[in-house]
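Heads up: take any position in the sequence shown, counting from 1, add 2, and you land on the working numbering. Below: the structure, in structure tokens.
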Amino acid sequence: MAIKHVLLVGGTHGNELTGVYLIKQFEQFPEIVRRSSFKTSTLLANPQAFQLGKRYVDADLNRQFRPQDLADPTLSSYEAQRAKAIYQQFGPKGAQPVDLTIDLHSSTANMGLTIILASSVIFNLMLAARLVSVNPDIKILYSDLSIDDNPYLDSISKFGCKIEVGAVAQGVLDAALFQQSAALVYAALDYVESYNQELSSNQSNFDQQRGTDSLLVYHRVGIIDYPRDEQGEIQAMIHPRLQFQDYQPLQPGDPMFLTFAGETIAYQGDSTVYPVFINEAAYYEKGIAMCLTEKRLLNF
Ligand SMILES: [Zn+2]
Numbered sequence: 003m004a005i006k007h008v009l010l011v012g013g014t015h016g017n018e019l020t021g022v023y024l025i026k027q028f029e030q031f032p033e034i035v036r037r038s039s040f041k042t043s044t045l046l047a048n049p050q051a052f053q054l055g056k057r058y059v060d061a062d063l064n065r066q067f068r069p070q071d072l073a074d075p076t077l078s079s080y081e082a083q084r085a086k087a088i089y090q091q092f093g094p095k096g097a098q099p100v101d102l103t104i105d106l107h108s109s110t111a112n113m114g115l116t117i118i119l120a121s122s123v124i125f126n127l128m129l130a131a132r133l134v135s136v137n138p139d140i141k142i143l144y145s146d147l148s149i150d151d152n153p154y155l156d157s158i159s160k161f162g163c164k165i166e167v168g169a170v171a172q173g174v175l176d177a178a179l180f181q182q183s184a185a186l187v188y189a190a191l192d193y194v195e196s197y198n199q200e201l202s203s204n205q206s207n208f209d210q211q212r213g214t215d216s217l218l219v220y221h222r223v224g225i226i227d228y229p230r231d232e233q234g235e236i237q238a239m240i241h242p243r244l245q246f247q248d249y250q251p252l253q254p255g256d257p258m259f260l261t262f263a264g265e266t267i268a269y270q271g272d273s274t275v276y277p278v279f280i281n282e283a284a285y286y287e288k289g290i291a292m293c294l295t296e297k298r299l300l301n302f
């Protein structure tokens, strides 16, 4: 099936300016995201949060897209309403249904250039493999969510991913990360273009002719919260030796936190993991100090 409509999204979190200003740039110069075989649309997802310089107004927009929540008329926060409006416009039964959604984010953690996949449909894996072949520094972060558990905006279409770049502070533009994000978007659009063209020349034999491929992914296996007291107050910081060490191996016994009393708390697990989103500013309120991943090779 050809990709007929691609949606580029920024400002799902209003204080992640890389995505916001990429969308503004694409809207000012639409020819840079135009390709011949499909339509490209752009969306500033949470304009009110952007105006306020905040991640969200009432609730995290990027947790509002579970099917049962979209269908729940009692959910009426600003972001719940935005999610329903976005879904009604671009979702499968919407006015302008999209086939692929690329949602642009930034992180205060040292995520480099990360593609986050929430589903392992083959097209997503092929797209990710292409982007890694264009830029080997790109990391693929993968969390296998069922459709019913997927709260993310990029789940409104059959295919989708998030681009997460960092480290950059909230409310701040970093020109290098901005340009690298833009290059990733162009590479993704070029891939869709070549995919469509190959599909039309091979007709229905595309899947049969496709060779097997493999992709190194960081598979999300858990989260770690900060040590907290009974009131929920954090009792420790990310250990200085772990700060900005996203995607680096963390061995059992390695330092993880430094308490305010000056004590080191070590990683207690029994196997090597690769932490990501270490010290992400937006995750303090979510009870997440970091996400743990394992390296896996996905064959497809
Ligand atoms: Zn974000």
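Ideal Cβ positions, reconstructed from N, Cα and C, are used throughout, including at glycine.
Around the beta carbon of I124, a 10 Å sphere encloses fewer than 16 other beta carbons of the protein chains shown; the residue is thus reported as exposed. Non-local C-beta neighbours of E18 in its own chain, meaning closer than 6 Å and more than five positions away in sequence, comprise H107 and S108, ordered along the chain.
With the rule of 3 Cβ pairs closer than 8 Å, the stretch 138 to 151 does not count as touching the stretch 80 to 97.
Positions of the beta strand (DSSP E) runs, each at least 3 residues long and wholly inside the stretch 134 to 203, are given as 141 to 144 and 161 to 168 in order along the chain.
From the listed residues Y276, A291 and L260, the smallest Cα separation to V223 is found for Y276. For G271, the closest alpha carbon among the candidates K288, E195 and E296 is that of E296. For A268, there is no enclosing alpha helix (DSSP H); the residue is found in the beta strand (DSSP E) stretching over T266 to A268. Using a cutoff of 7 Å, the CB of T14 counts as near ligand 1, since one of the ligand's heavy atoms is closer than that. In chain order, G12, G13, L46 and F52 place their CB closer than 7 Å to the CB of V22, counting only its own chain and leaving out the 5 sequence neighbours on each side.
A contact is defined here as three or more CB-CB pairs under 8 Å, and the stretch 250 to 258 fails this definition with respect to the stretch 187 to 204. For D62, the secondary structure class from DSSP, reduced to helix, strand or coil, is coil. In the DSSP assignment, I225 is bridged to C293. The beta carbons of V167 and L175 sit no closer together than 8 Å.
The alpha carbon of Q172 has as its nearest neighbour, out of T110, A184 and K160, the alpha carbon of T110. If you draw a straight line from the Cα of F67 to the Cα of F31, it comes to about 29 Å. At least one heavy atom of ligand 1 lies closer than 7 Å to the C-beta of H107. The three-state secondary structure of R57, taken from DSSP, is coil. The alpha-carbon of A120 is positioned some 15 Å away from that of D101. Take D105, set aside five residues on each side of it, and the residues of its chain with a beta-carbon closer than 6 Å to its own are V11, T14, L155, D156 and K164, in chain order. In this structure, ligand 1 has a non-hydrogen atom nearer than 7 Å to the beta-carbon of N64.
Counting C-beta pairs with one atom in each stretch, the stretch 68 to 77 and the stretch 227 to 237 have fewer than three that are closer than 8 Å, which means they do not touch. In this structure, L9 lies away from V187, with their beta-carbon atoms at least 8 Å apart. Under DSSP, A238 takes part in a beta bridge, and its partners are T261. Of the candidates G264, L127, R243 and F246, L127 places its Cα closest to the Cα of Y197. Look at D105 here: in three-state DSSP terms it is strand. Annotation: the continuous beta strand (DSSP E) that includes L46 extends over K41 to L46. Counting along the chain, T20 sits inside the alpha helix (DSSP H) bounded by residues L19 to Q30.
8 Å or more divides the Cβ of H7 from the Cβ of F28.
In the three-state reduction of the DSSP assignment, I34 falls in the helix class. Using a cutoff of 7 Å, the CB of E81 does not count as near ligand 1, since none of the ligand's heavy atoms is closer than that.
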